[in-house]
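Protein sequences, first through last, are from chains X and A. To convert, count from 1 in the first sequence and add 2; that's this note's numbering. To convert, count from 1 in the second sequence and add 650; that's this note's numbering. The next block holds one structure in the form of structure tokens; read it before the comments.
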Amino acid sequence: MTARPPIAMLAELTHRCPLSCPYCSNPVELARKESELSTAEWAGVFRQAAELGVLQLHLSGGEPASRRDLVELVEAAREAGLYTNLITSGIGLTERRLMALDAAGLDHIQLSLQGTDAETADRIGGYRSGFERKMAVAAWIGKIGFPLTLNFVMHRQNMHQLPRALEMAEEMGARRIEVATVQFHGWAMLNRGALMPSLEQAREAGRIVREARERLKGRLVIDYVPADYHAKYPKPCMGGWGSTGLNVTPDGIVLPCHAAQTIPSLSFETVREKTLGEIWENSSAFNAFRGTDWMAEPCRSCDRKEADFGGCRCQAMALAGDATATDPVCIKSPLHGKIHAMAQDWAAEEGAELTWRTGPERVLEGQS
Amino acid sequence: MSLAAASVPRMPRGVRLQEDRVRGGWVLLAPERAIALDAVGLAIISRIDGARDFGAIVADLSETYGAPEAEIARDSGEFIAALAERRILEIMV
């Protein structure tokens with residue numbers, strides 16, 4: 003199958019992070035610092051990505067500011083001709099470092115928000131004074147003039163703070179806010195009972211977003227990721243598997259999406275062994291769910307198959323035990339009713355404890 | 651909607667026009683967005699320099715493409731306003 007060139011690449015520079023959010027999208031098994039790609043290796047990957055057709059580079063993690071060479075990496079990305087976006091919690095950024103990133107040509111910053119007050123944000127992020135630090139970073143971002151997107155990660159414990167999050171985006175001078183309901187992969191899977199929003203909460207969030215979009219038209223752009231366990235149709239996974247984006251892990255493994263390693267039948271290749279182009283075009287993992295030929299019923303004959311691509315493959319794996327199945331949140335899936343009921347149960351769980359993410363170093367110590 | 655002739659459109663920081671060497675053509679790169687421009691879009695965007703007002707841009711387009719100014723003002727005004735609504739362009743009044 004011939005593949006169109008990808009548009010976007012997510013570079014997970016490191017799995018290290020001062021925060022320990024219980025919904026972290028990193029895999030439960032984290033890459034250690036010693037295995038991370040070097041500055042020169044990343045610079046090579048950025049050049050290959052640009053040659054392959056990537057236009058937008060998202061520097062993520064973990065916390066990308068935990069990489070000491072972040073400024074050099076931004077320089078390398080801009081030199082390669084990539085539009086460079088930093089996805090950060092803000093922790094590890096100083097005013098001086100932000101000025102250096104500005105000089106290096108960083109195009110845009112996406113700042114995460116765990117809650118709209120220090121008590122909530124620091125509890126969810128598992129990091130004391132993190133909120134205060136983040137507010138200082140937001141002010142420096144505004145002072146330097148970086149375009150800003152605020153990313154409010156939403157779940158049962160902070161969904162009521164959505165109106166305040168929208169106000170904060172305006173106060174910070176953000177052009178965009180992403181209102182993203184937690185996706186249940188990785189660490190979030192361990193916390194479904196504590197984080198799953200109720201159906202009523204999900205509906206209320208949708209109402210608030212619709213009203214705010216109208217009110218803030220031309221001032222603040224709102225991207226909204228609704229709670230898909232309560233939805234009728236699944237999310238269009240990656241805009242189609244292997245069609246627009248790819249993900250590189252801290253140790254150089256190239257993935258069709260950040261959770262793809264949860265599908266045991268897939269095997270992956272690394273930029274240490276092959277070029278990005280070879281992997282994008284020829285690897286079995288990228289070709290596994292490209293196009294629509296892999297689909298079974300009810301997807302195969304569904305008129306939405308080019309719109310949502312059968313939904314999320316990792317969610318099909320996690321909930322149906324079969325990565326080729328229809329995403330079970332879809333109303334056409336035989337499992338839809340069961341998933342819907344399970345979501346209600348998780349949402350109603352009282353006193354469920356949070357399991358915070360642990361860092362790669364601590365995981366290593368725990369194993370030794 | 652049409653724009654006032656005296657308003658000045660500009661590309662804010664974090665938005666740039668870049669040649670797409672792999673696919674051909676030009677793209678407008680913005681936060682979390684890459685917009686492939688057709689010939690008309692490119693003609694409009696490449697005339698936005700933050701100094702020329704909308705009236706001057708329309709006059710230039712009209713002369714270059716030999717189309718009536720009213721028609722160009724309507725089409726390019728809609729194009730610019732739609733991008734401004736998405737915070738990809740700014741309109742200085």
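Ideal Cβ placement from N, Cα and C applies to all residues, glycine included.
Using Cβ-Cβ distances below 7 Å, what residues of the segment 56–81 of chain X are close to chain A? L57 and Q58
Short CB-CB distance (under 8 Å) between R178/X and chain A: yes
With Q317/X as the anchor, note down where its alpha helix (DSSP H) starts and where it stops. R315 to A322
Closest by CA to F148/X, which one among G132/X, A176/X and F291/X? A176/X
What does the alpha-carbon distance come out to for the pair G244/X and L54/X? 13 Å
Does any C-beta atom of chain A lie closer than 8 Å to the C-beta of K219/X? yes
Let me confirm a value: V155/X is counted as buried when at least 16 other C-beta atoms fall within 10 Å, else exposed. Which label applies? buried
On a Cα-Cα basis, can you pick out the residue from V708/A, G674/A, A717/A and R737/A that is closest to A680/A? R737/A
Suppose the cutoff is 6 Å on Cβ atoms and the five residues either side in sequence are ignored; what does the same chain contact list for E740/A look like? R660 and P662
So G411/X packs on T4/X, CB below 8 Å; how close in whole Å? Here chain X has residues from 3 to 370 only, and residue 411/X is not among them.
Just to check my reading of the structure: N193/X and P24/X have Cβ atoms closer than 8 Å, yes? What is that Cβ distance to the nearest angstrom? 5 Å
Minimum Cβ-Cβ distance from M651/A to chain X less than 8 Å: For M651/A, the predicted model reports a pLDDT of 48, less than 50, meaning its position is unreliable and no value from the coordinates is stated.
Rounded Cβ spacing between L113/X and T86/X (contact assumed at less than 8 Å): Not quite, the Cβ-Cβ distance comes to about 15 Å (not below 8 Å), so this is no contact.
Quick one: is V677/A near chain X, going by C-beta distance under 8 Å? yes
Backbone secondary structure at A684/A - three-state DSSP: strand
Any beta carbon from chain A within less than 8 Å of H110/X's own beta carbon? yes
Residues in its own chain within less than 7 Å of R130/X by CB, not counting five upstream and five downstream? D124
Based on Cα-Cα distance, which residue from A686/A, A706/A and V665/A lies nearest to V671/A? Just to set this straight, residue 671/A is Arg in the shown sequence, not Val. Looking at the Cα atoms, A686/A is the closest of the given residues.
How would you write the range of the beta strand (DSSP E) that E740/A sits in, first residue to last? E740 to M742
Helix, strand or coil: how does DSSP classify T122/X here? helix
Looking at the secondary structure, which residues open and close the alpha helix (DSSP H) in which D725/A lies? E719 to E735
Can you tell me whether R215/X is buried or exposed, with buried defined as 16 or more other CB within 10 angstroms of its CB? exposed
Using the three-state DSSP reduction, which class does G247/X fall into: helix, strand or coil? strand
G147/X versus chain A: which residues are under 7 Å apart at the beta carbon? R663
Ignore the nearest five residues each way along the sequence and tell me which others in I333/X's own chain have a CB closer than 8 Å to its CB. K234 and Y235
Could you work out which residues of chain C lie near A732/A, taking near to mean beta carbons separated by less than 9 Å? In summary, chain C is missing from the structure at hand, where the protein chains are X and A.
When you compare only the Cα positions, how much space is there between A320/X and M170/X? 35 Å
T357/X in three-state terms, based on DSSP: coil
Grab me the residues of A354/X's own chain with a C-beta within less than 6 Å of its C-beta, minus the 5 sequence neighbours each way, in chain order. G195 and A196
Sub-8 Å separation of M11/X and A67/X beta-carbons: no
How should V665/A be labelled, buried or exposed, when 16 other C-beta atoms within 10 angstroms of its C-beta is the threshold for buried? buried
Counting contacts by CB-CB distance shorter than 8 Å, is E728/A in contact with chain X? no
Y231/X vs I126/X beta-carbon contact at 8 Å: no
Does the distance from the CB of Q346/X to the CB of P29/X come in under 8 Å? no
8 Å Cβ cut-off: residues of chain A touching I9/X: A684
Is E283/X helix, strand or coil when you go by DSSP? helix
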